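In my numbering, the protein residues as written are 12 to 324.
Note that CB positions come from ideal geometry on N, CA and C, so glycine has one too.
Computed from a predicted structure; not experimentally measured.
Written out below as structure tokens is the structure these notes cover.
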Amino acid sequence: MESLSQNDVGAIESPVLAIDIGGTHVRVALFDPVMRAHREIPTLAADGAETVLRRLHHLVQPWIQSRSIRGVAVATAGQVNPQSGRVVDATQNLPGFRGLDLARQLRSWFAPSMAPPILIENDVNAALAAEAMARPNVSSLIVLALGTGVGGALMIDGHIVHGAHYFAGELGHMILHPHGRPCNCGQTGCLEQYVSGPGLLLTARQYYAPLQSPEDLFLSLAQGEPWARDAVNQFAEDLGLALTSLVNVIDPDLVVLAGGLTTTHAHWAERLTTSIRGLSRKAIPLAYTKFGQDSPLIGVVELFRQRYLVPPR
Ligand SMILES: [Zn+2]
Numbered sequence: 012m013e014s015l016s017q018n019d020v021g022a023i024e025s026p027v028l029a030i031d032i033g034g035t036h037v038r039v040a041l042f043d044p045v046m047r048a049h050r051e052i053p054t055l056a057a058d059g060a061e062t063v064l065r066r067l068h069h070l071v072q073p074w075i076q077s078r079s080i081r082g083v084a085v086a087t088a089g090q091v092n093p094q095s096g097r098v099v100d101a102t103q104n105l106p107g108f109r110g111l112d113l114a115r116q117l118r119s120w121f122a123p124s125m126a127p128p129i130l131i132e133n134d135v136n137a138a139l140a141a142e143a144m145a146r147p148n149v150s151s152l153i154v155l156a157l158g159t160g161v162g163g164a165l166m167i168d169g170h171i172v173h174g175a176h177y178f179a180g181e182l183g184h185m186i187l188h189p190h191g192r193p194c195n196c197g198q199t200g201c202l203e204q205y206v207s208g209p210g211l212l213l214t215a216r217q218y219y220a221p222l223q224s225p226e227d228l229f230l231s232l233a234q235g236e237p238w239a240r241d242a243v244n245q246f247a248e249d250l251g252l253a254l255t256s257l258v259n260v261i262d263p264d265l266v267v268l269a270g271g272l273t274t275t276h277a278h279w280a281e282r283l284t285t286s287i288r289g290l291s292r293k294a295i296p297l298a299y300t301k302f303g304q305d306s307p308l309i310g311v312v313e314l315f316r317q318r319y320l321v322p323p324r
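Structure (structure tokens):
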């Protein structure tokens, strides 16, 4: 994990308020440009968008009242139009966010004449911006986030790809196994159903039905259980298949794997390399996240800096 240096987000005289709205946690911090005052609350998303935003407002109100805020940079789950600041679509993980004019909601926290610029971006796109910032020689990048679900983001030739309907980079819903496991998106056999934490558990239970958790899987793997090795190999095969196809579409400088499941990569990274080698003659340049769960906060501030703070040439 790296922390930001003074240079990383440029010179910001008054702080940028950064917000990361996820399905399970809302994280906030001030960047001046170093990340400060990091706080986190459970999203409790089932309460609905209005309540989530009210709790968030309560959390950051003392900051807004006590200092001049240079801007607000928000990374959120869901598909986002970063020009309008609207959440175009969101899953049932964030009820009430579909169609929400998030930028307008946040603007209402400020007196009309005092509202600072507000930038909203999808959380995985924001995470990609952080990973790209940390690697100045990289201009085409894939981020695949393996967690409770599977998120993705794409940068091609220096530009984050949003697509015609802001759905670009929904890599978790590439179909990996036709007629496979049902997915909450309505398709069957999506990547997310195989290489997320819950997906890995489903795979492992095909080899050992009583398995309770991914932790128990890796414990059994360390103890040399053949079923655990087979399950983890299958996971690596699935991931290798997806990465090989993606690299043929995007031709990236680098693929960054992120998300909670990558903390277990020591158990499967080698097998993943073997799997990719068996599928393709191309080597896939692979790396792991530099900022972990702080990536969306760091990246969305970087995007804010690029849009509002870089002086025009
Ligand atoms: Zn799906």
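Suppose contacts are defined by Cβ-Cβ distances below 8 Å. Is Val-161 in contact with Leu-130 by that definition?
The sequence position of residue 161 within the sequence shown is 150, counting from 1. The sequence position of residue 130 within the sequence shown is 119, counting from 1. Not in contact: Val-161 and Leu-130 (Cβ atoms no closer than 8 Å).
Report the CB separation of Ala-138 from Ala-269 in whole angstroms; it is logged as a contact under 8 Å.
For the purposes of this step, residue 138 is identified with residue 127 of the sequence shown, where counting begins at 1. For the purposes of this step, residue 269 is identified with residue 258 of the sequence shown, where counting begins at 1. Indeed they touch by this definition, with Cβ atoms about 6 Å apart.
With distances taken from each beta carbon to the nearest heavy atom of ligand 1, which residues come in below 5 Å, in chain order?
The filter returns His-184, Cys-194, Cys-196, Gln-198 and Cys-201, in chain order.
Using DSSP with H/G/I as helix, E/B as strand and the rest coil, what is Thr-300?
Residue numbering aside, residue 300 sits at position 289 when the sequence shown is read from its first letter. It is coil, neither helix nor strand.
Since I believe Glu-203 is in contact with Gly-197 (beta carbons under 8 Å), could you give me their beta-carbon distance rounded to a whole number of angstroms?
Walking along the sequence shown from the start, residue 197 turns up at place 186. Walking along the sequence shown from the start, residue 203 turns up at place 192. 12 Å between Cβ atoms; not a contact.
When the Cα of Glu-51 is compared with those of His-188, Asp-168, Ala-57 and Val-63, which residue comes out closest?
As a working mapping, residue 51 is identified with position 40 in the sequence shown. The shortest Cα separation from Glu-51 among His-188, Asp-168, Ala-57 and Val-63 belongs to Val-63.
Looking at the strands, I want to know which residues DSSP matches up with Leu-165.
Here residue 165 is taken as the residue at index 154 of the sequence shown, counted from 1. Ile-153.
How far does the alpha helix (DSSP H) with Met-144 in it reach, from first residue to last?
Your numbering for residue 144 matches position 133 in the sequence shown. It spans 134-144 - the alpha helix (DSSP H) in which Met-144 sits, taken as one unbroken run.
DSSP three-state call for Ser-287: helix, strand or coil?
If you number the sequence shown from 1, residue 287 lands on position 276. According to the sequence shown, residue 287 is Ile rather than Ser. Here Ile-287 sits in helix by DSSP.
Which partner residues does Leu-64 have in the DSSP bridge list?
Residue mapping note: residue 64 aligns to position 53 of the sequence shown, counting from 1. Leu-64 is not bridged to any residue.
In three-state DSSP terms, what is Phe-42?
Along the sequence shown, read from residue 1 onward, the residue named residue 42 stands at position 31. Three-state result, Phe-42: strand.
My output table needs one value for Gln-223: the three-state DSSP class, helix, strand or coil.
To locate residue 223, count along the sequence shown from 1; it is residue 212. In this structure, Gln-223 counts as coil in the three-state DSSP scheme.
Are the Cβ atoms of Leu-111 and Val-98 separated by less than 8 Å?
Here the question's residue 111 lines up with position 100 in the sequence shown. Here the question's residue 98 lines up with position 87 in the sequence shown. Their beta carbons are under 8 Å apart, which means Leu-111 touches Val-98 by this criterion.
Contact criterion: CB-CB distance below 8 Å. Does Ser-150 meet it with respect to chain D?
The structure shown contains no chain D; it is built from a single protein chain.
Going straight from the alpha carbon of Trp-238 to that of Val-83, what length do you get?
Here residue 238 refers to the residue found at position 227 when the sequence shown is read from its first residue. Here residue 83 refers to the residue found at position 72 when the sequence shown is read from its first residue. Cα to Cα, the separation comes out at about 49 Å.
Could you tell me the alpha carbon to alpha carbon distance between Thr-102 and Asn-259, rounded to whole angstroms?
Numbered from 1 along the sequence shown, position 91 holds the residue referred to as residue 102. Numbered from 1 along the sequence shown, position 248 holds the residue referred to as residue 259. Spanning the two alpha carbons is a distance of roughly 29 Å.
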